[in-house]
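For reference, the structure is listed below as structure tokens.
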Amino acid sequence: MPQDTLQDEQVSGQGPRQPGAPFWLITAILGCGGIVVSLEKTAVVPLLPEYPRIFGVSSDDVSWLVTVTLLSAAVATPVVSRLADMFGKKRMLLVALTMMVAGGFTAAVGGTFTAALVGRTLQGFAGAVIPIGISILRDTLPQRRVAGAVSLMSASFGIGSALGLPMAGFIYQNLGWQATFWVVALIALILTAAVYFYVPESTVRTKGRFDYFGAVLLSGAMTALLLAISKGGLWGWTSDIVLGLFAACAVLLAAWFPHELRSGQPLIDLRTSARRPVLLVNIASVLVGFSMYANMLVTTQQLQLSRVTGFGFGLSVLVAGLAMIPAGLAMVAISPVSARLTNSFGAKVTMVAGCTVMAAGYLLRVVLVETISGIIVGAVIISVGTAMAMAAMPTIVMSNSPRTDTAAANGLNTLLRSVGTSTCSAAVAVILASITVDIGGRVFPDLEAFRLIFILAGLTAAAGAAVSVLIPKSRHREATHPDLHSAAQGTGPAPAGKHEILLSGVLRPAGGRAPLDQGTVTVTDSGGSPVDWDRSDEHGTYAVVLPGPGRYIFIAGHARWRPVAEVLEFPGTAVPHDIQFHERLLLEGRIRHGSRPVQNALVLLVRGAGDPPAAVRSGRDGSFELPLPGAGRYVLTVVEPSGQTHTRRVVLPCADRVVDVELGSPLKRTGLQI
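Per our numbering, the sequence shown starts with residue 638, numbered consecutively.
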């Protein structure tokens, strides 16, 4: 069997493998997908000054060609990414690409401003292509190849953005404005066919229901937020509509967060997102998105600025776009270096290094403003740092997320990156409009405006580096790290993509009672190295992906049950495996008066006003048992048969969960904070 050939195998491990596409071809197709998405986003930017004349509308109306794509991408990215985890990554990738093709041809054939708006809205669905593509690479490629492939896929955003500017200018000058839509649509159509025929479907999926209500709340919140950010400068940051949009976003998010925490199958697992590595990398992604986009927005404007300013170069749209090509090529060239750095030292080091390089690049941009070559050098350095940082982000996210939720986790990271780019766009517009110079009756942005943008973007990149430093160092093999020891010794599970096993089951108490939701299952190999983990849904169902046949350790935990562990052997096929908890965690103790046990005393445990209390009566020996509640401050009340009451405040969790109550004296402390 050729080493570099993908095998179309069911993740369940059943059935023979059939020869498939080479790994390099899959990587190239998905990488081109990211480039095409970026091309689609930037292809309209050079023509924004021309569209008012073409469509007969105002400049304010034309700005919606960018805004509607931003809004539809904000809605589609988390939704389509979650659907990819549930119903198939290849399937939803084809849906996203098909929408991009339909949008391009709609805008080109319609020929009107309304048709262009509809087309750009459809194209926004392509925002999910990059997070889904990264997830497919993780599920498909051997681990030794994942780092390089993910680096290239992450860098594809910057590559496409750099190529989109000169390409749009060239196409417009030679083929007309319609061609800027149908050429990109034609490329996307060819790419869709390549995905259909050569990219395998990952059968690593999450079962259950789609969180429609959570999707509506998040979509509304992101739409309100991004609309306020993108239109704040035009409508006025203190206008009623902008303030109303920010308020609507806050209200919708306030409803969305508790809904997601209550849901057994949330659109986005907030408990996973709140884990320190994921939370910090998502915060850093907003900062990186801001810093990255400043380089793309400002460089071409600086090169196209009129020579009469004394610091502009008067380049055409096409030539200014061509000047960005070295930055795009630098992102391609740095991808294997980023992969080697990640494999050798971890994604955290790559992330910190990338943000630091970006900050250094912006420091140079403040100084190198007098020559075209100096501007290009600064842009290249920033692009190198961008590629490194963006390559590390999905690695950290995937290493700290269940294998069955990688597309949704990457989708959230991509969405937050878009929040950063949108904020940058608004900030750049405000600065360029506020710091100006009047030359011969014409108003131009002042050189100090550009320098201020570079300083702000550099500080943002430095903040991203500081946040990245706080990311905990991985104590186990990351998503892109090859299992060199197992490969060399021939021990342990097979590498990812070779003979994976999707295993599911139900967490339930012994005796066949109702399944347990919000439990966790952690799987390690026989040497203790983490393999995968998952959290049970409202039906108690969990799903983990094992990299191949072998012996694994399953560790299950639940807030109200004593943890259990099992050692299981899998020969290559998987059958559902339920995990049972045998001992319930209880808050227990004894009620005594002096040396005499108090029988039939009522014991109440209540958390706050309006919460139903947990209640039990003490036994003949004064003992009582209450189900162990969640962490928090509680009031423990004992009511004697005579009617006398005794009340104390307690704080859980405690060390040994034993509370002995001596009536007539303070509550005895036995591992419980009072």
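Glycine is no exception: its CB is placed at the ideal position from the N, C-alpha and C atoms.
Practice prompt. To the nearest angstrom, report how far apart Ile962 and Leu800 are at their CA atoms.
Written response: As a first step, residue 962 must be located in the sequence shown, where it is residue number 325. As a first step, residue 800 must be located in the sequence shown, where it is residue number 163. Distance between the alpha carbons of Ile962 and Leu800: 6 Å.
Item to complete: Please confirm whether Val1024 and Met1035 have their CB atoms less than 8 Å apart.
Response: Counting from 1 along the sequence shown, the entry for residue 1024 is found at position 387. Counting from 1 along the sequence shown, the entry for residue 1035 is found at position 398. Before going further, note that residue 1024 is Ala rather than Val in the sequence given. No, Cβ-Cβ distance for Ala1024 and Met1035 is not below 8 Å.
Worksheet entry | Classification of Pro715 by the beta-carbon crowding that lies within 10 angstroms, buried from 16 upward | Your numbering for residue 715 matches position 78 in the sequence shown. With 16 or more other Cβ atoms within 10 Å, it is buried.
Discussion item. So if DSSP puts Ala1251 in a beta bridge, which residue, or which two residues, is it bridged to?
Written reply: As a position in the sequence shown, residue 1251 is number 614, starting the count at 1. According to DSSP, Ala1251 bridges with Leu1242.
Fill in: beta strand (DSSP E) segments (min. 3 residues) lying fully within the region 993 to 1023
You should have found no qualifying run.
Worksheet item: Going by DSSP, what residues sit across from Asp1162 in a beta bridge?
Response: Numbered from 1 along the sequence shown, position 525 holds the residue referred to as residue 1162. Its beta-bridge partners are Tyr1189.
Worksheet item: Can you tell me whether Tyr999 is buried or exposed, with buried defined as 16 or more other CB within 10 angstroms of its CB?
Response: Counted from its first residue, the sequence shown places residue 999 at position 362. Label assigned to Tyr999: buried.
Discussion item. Can you tell me whether Trp661 is buried or exposed? The criterion is at least 16 other CB atoms within 10 Å of its CB, across all chains shown.
Written reply: Counting from 1 along the sequence shown, the entry for residue 661 is found at position 24. By the neighbour-count rule (16 or more Cβ atoms within 10 Å), Trp661 is not buried but exposed.
Fill in: Reference Ile1012, options Leu789, Thr751, Phe950, Met988, closest by Cα
On the sequence shown, position 375 is the one that residue 1012 refers to. The shortest Cα separation from Ile1012 among Leu789, Thr751, Phe950, Met988 belongs to Phe950.
Discussion item. Taking the alpha-carbon of Ala713 as reference, which of Pro689, Ala680, Ala763 has the nearest alpha-carbon?
Written reply: Position 76 of the sequence shown holds residue 713. Of the listed residues, the one whose Cα sits closest to Ala713 is Ala763.
Worksheet entry | Gln1126 (DSSP reduced to helix, strand or coil) | One-based indexing of the sequence shown puts residue 1126 at position 489. Here Gln1126 scores only 34 on pLDDT, less than 50, and its place in the model should not be relied on; the value that follows carries that caveat. The answer is helix: DSSP assigns Gln1126 an H, G or I state.
Worksheet item: In three-state DSSP terms, what is Phe631?
Response: Shown here, the chain extends from 638 to 1311; a query on residue 631 therefore has no answer.
Worksheet item: Which of helix, strand or coil does DSSP assign to Asp1215?
Response: Residue numbering aside, residue 1215 sits at position 578 when the sequence shown is read from its first letter. In the three-state DSSP reduction, Asp1215 falls in the coil class, being neither helix nor strand.
Fill in: Close-in-space but distant-in-sequence residues of the same chain around Gln1126 (CB under 6 Å, 5 per side omitted)
Along the sequence shown, one-based indexing puts residue 1126 at 489. With a pLDDT of only 34 at Gln1126, under the threshold of 50, the placement of this residue in the model should not be trusted, and no figure is reported.
Practice prompt. Give the secondary structure of Pro1317 by DSSP, where H, G and I count as helix, E and B as strand, and everything else as coil.
Written response: Nothing about residue 1317 can be reported from this structure: the residues present for the chain run from 638 to 1311 only.
Worksheet entry | For Ile767 and Thr679, the rounded distance between their alpha carbons | For the purposes of this step, residue 679 is taken as residue 42 along the sequence shown, with counting starting at 1. For the purposes of this step, residue 767 is taken as residue 130 along the sequence shown, with counting starting at 1. Roughly 16 Å between the two C-alpha positions.
Worksheet item: Going by Cα to Cα distance, which pick from Ala891, Ile1009, Asn932 is closest to Arg944?
Response: Along the sequence shown, one-based indexing puts residue 944 at 307. Cα-wise, what sits closest to Arg944 is Ile1009.
Item to complete: Report the partner residues of Arg1079 according to the DSSP bridge assignment.
Response: The residue labelled residue 1079 in the question sits at position 442 within the sequence shown. The secondary-structure analysis by DSSP pairs Arg1079 across a beta bridge with Ile1076.
Worksheet item: Which class does Thr1274 belong to by DSSP, given the choice of helix, strand or coil?
Response: Looking up residue 1274 in the sequence shown gives position 637. Residue state, collapsed to three classes: strand.
Worksheet item: Does the region 1187 to 1198 touch the region 1236 to 1254, meaning 3 or more C-beta pairs lie closer than 8 Å?
Response: Using a C-beta cut-off of 8 Å, the region 1236 to 1254 makes no contact with the region 1187 to 1198, since fewer than three inter-stretch Cβ pairs fall below that distance.
Practice prompt. Work out the CA separation of Leu1140 and Leu1214 for me, nearest whole Å.
Written response: One-based indexing of the sequence shown puts residue 1214 at position 577. One-based indexing of the sequence shown puts residue 1140 at position 503. Per the sequence presented here, residue 1214 reads as His, with Leu not at that position. In a straight line, the C-alpha of His1214 is about 7 Å away from that of Leu1140.
Worksheet entry | Where Ala680 falls: helix, strand or coil (DSSP) | Mapped onto the sequence shown, residue 680 falls at position 43. Judged by DSSP in its simplified three-state form, Ala680 adopts coil rather than helix or strand.
Worksheet item: Starting from Pro973 and walking both ways along the alpha helix (DSSP H), at which residues does that stretch end?
Response: As a working mapping, residue 973 is identified with position 336 in the sequence shown. 962 to 982 is the span of the alpha helix (DSSP H), which, as asked, contains Pro973.
Worksheet item: What span of residues does the beta strand (DSSP E) with Ala1202 cover, start to end?
Response: If you number the sequence shown from 1, residue 1202 lands on position 565. Looking at the DSSP string, the run of the beta strand (DSSP E) that includes Ala1202 is 1198 to 1207.
Discussion item. What does DSSP give as the partner residue(s) for Arg1227 in the beta ladder?
Written reply: Along the sequence shown, read from residue 1 onward, the residue named residue 1227 stands at position 590. Beta-bridge pairing links Arg1227 to Ser1260.
Discussion item. Using the three-state DSSP reduction, which class does Val755 fall into: helix, strand or coil?
Written reply: In the sequence shown, counting from the first residue as 1, residue 755 sits at position 118. Helix.
Discussion item. So for Thr909, helix, strand or coil by DSSP?
Written reply: Counted from its first residue, the sequence shown places residue 909 at position 272. Thr909 falls in the helix class under three-state DSSP.
Item to complete: Taking Leu774 as the reference, give the member of Leu667, Ser696, Val1287 with the closest Cα.
Response: Locating residue 774 in the sequence shown gives position 137, where the first residue counts as 1. Considering only alpha carbons, the answer is Leu667.
Worksheet entry | Closer than 7 Å: Pro973 CB and nearest the ligand HEM heavy atom | This structure lacks the ligand HEM, and indeed carries no ligand of any kind.
Worksheet entry | As assigned by DSSP and simplified to three states, the class of Thr1051 | Here residue 1051 corresponds to residue number 414 of the sequence shown, with the count starting at 1. Residue state, collapsed to three classes: helix.
Item to complete: Determine contact between the region 909 to 920 and the region 853 to 860, defined as no fewer than three beta-carbon pairs at a distance below 8 Å.
Response: Fewer than three Cβ pairs drawn from the region 909 to 920 and the region 853 to 860 lie within less than 8 Å of each other, which leaves the two stretches out of contact.
Worksheet item: DSSP beta-bridge partners for Ser1059?
Response: The count along the sequence shown starts at 1 and reaches residue 1059 at position 422. In the DSSP assignment, no residue is bridged to Ser1059.
Fill in: Best match in Leu1224, Ala865, Pro686 for proximity to Ala1064 [C-alpha to C-alpha]
The count along the sequence shown starts at 1 and reaches residue 1064 at position 427. In this structure, Ala865 is the residue among Leu1224, Ala865, Pro686 with its C-alpha nearest to the C-alpha of Ala1064.
Practice prompt. Would you mind sorting Arg1229 into buried or exposed? The rule is 16 or more other CB atoms within 10 Å of its CB.
Written response: Looking up residue 1229 in the sequence shown gives position 592. Burial call: buried.
Discussion item. I'd like to know whether the C-beta atoms of Leu823 and Val673 end up nearer to each other than 8 Å.
Written reply: Taking the sequence shown and counting its residues from 1, the one referred to as residue 823 is at position 186. Taking the sequence shown and counting its residues from 1, the one referred to as residue 673 is at position 36. Leu823 is not a Cβ neighbour of Val673, given a cutoff of 8 Å.
Discussion item. Taking DSSP's pairing of strands, which residues face His1283 in a bridge?
Written reply: Position 646 of the sequence shown holds residue 1283. DSSP, once it has assigned bridges, lists Val1275 as partnering His1283.
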